[in-house]
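First residue of the sequence shown: -5, per this note's numbering; consecutive thereafter.
Where a beta carbon is used, it is the ideal one built from N, C-alpha and C, also for glycine.
Below is one structure, written out as structure tokens; comments come after it.
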Amino acid sequence: MKKNQGQFIKPIHPGEILREEFLISLKLSPEKLAQDIKLPLDKVQAVVQEKASLDMDLICRLAAYFDISVEFWWNLQKRYELGLSIWQGELTKRKQEIKPYKEIHSSF
């Protein structure tokens, strides 16, 4: 379930997309996916349960298995990370902590 934090909605984890749009839609178990893409079950389950992120190895395997571009999976992960950073207020916090270069070096 998504929770509001400020004005933003929590981003969707790539594992949710994998689970809902691929595994459930195709009636494919995490066990079968792990077997077919030659990975340990615990690695696949960690992503499906939204406890781990997609790494490049898994991204390449998912791209090959589902015949979908590497960029699709990579973008899911990167958008999630950026969205999570915004949702958690990290971007705002950094902007408050760090002065822009042109403010520090006014002659620039």
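Check your understanding: What span of residues does the alpha helix (DSSP H) with L35 cover, start to end?
Key -> Residue mapping note: residue 35 aligns to position 41 of the sequence shown, counting from 1. Looking at the DSSP string, the run of the alpha helix (DSSP H) that includes L35 is 35 to 42.
Exercise for review: State whether the stretch 79 to 86 contacts the stretch 13 to 22, with contact taken as three or more CB pairs (one from each stretch) at a distance under 8 Å.
Suggested key: no
Review point. Roughly how many angstroms lie between the CA atoms of E44 and K89, to the nearest whole one?
Key: Position 50 of the sequence shown, counted from the start, is the residue given in the question as residue 44. Position 95 of the sequence shown, counted from the start, is the residue given in the question as residue 89. If I take the Cα positions, the gap works out to 28 Å.
Practice item. Return yes when the Cβ of W67 is within less than 7 Å of the Cβ of L56, no when it is not. Key: Reading the sequence shown from its first residue, position 62 is the one you call residue 56. Reading the sequence shown from its first residue, position 73 is the one you call residue 67. Going by C-beta atoms, L56 is nearer than 7 Å to W67.
**Study point:** Exposure label - V64; buried when at least 16 CB within 10 Å
**Key:** For the purposes of this step, residue 64 is identified with residue 70 of the sequence shown, where counting begins at 1. Looking at its Cβ environment, which holds fewer than 16 other Cβ atoms inside 10 Å, V64 is exposed.
Review point. Where do the ends of the alpha helix (DSSP H) carrying R55 lie?
Key: For the purposes of this step, residue 55 is taken as residue 61 along the sequence shown, with counting starting at 1. It spans 50 to 60 - the alpha helix (DSSP H) in which R55 sits, taken as one unbroken run.
**Study point:** Alpha-carbon to alpha-carbon, I6 and K32
**Key:** By 1-based counting over the sequence shown, the position of residue 32 is 38. By 1-based counting over the sequence shown, the position of residue 6 is 12. Cα to Cα, K32 sits roughly 26 Å from I6.
Review point. Around the Cβ of P34, are there at least 16 other Cβ atoms within 10 angstroms (buried) or fewer (exposed)?
Key: Looking up residue 34 in the sequence shown gives position 40. Looking at its Cβ environment, which holds fewer than 16 other Cβ atoms inside 10 Å, P34 is exposed.
Exercise for review: For S100, count neighbouring Cβ atoms within 10 angstroms of its own Cβ and tell me buried if that reaches 16, exposed if not.
Suggested key: In the sequence shown, residue 100 corresponds to position 106, counting from 1. Exposed, by the Cβ-count rule.
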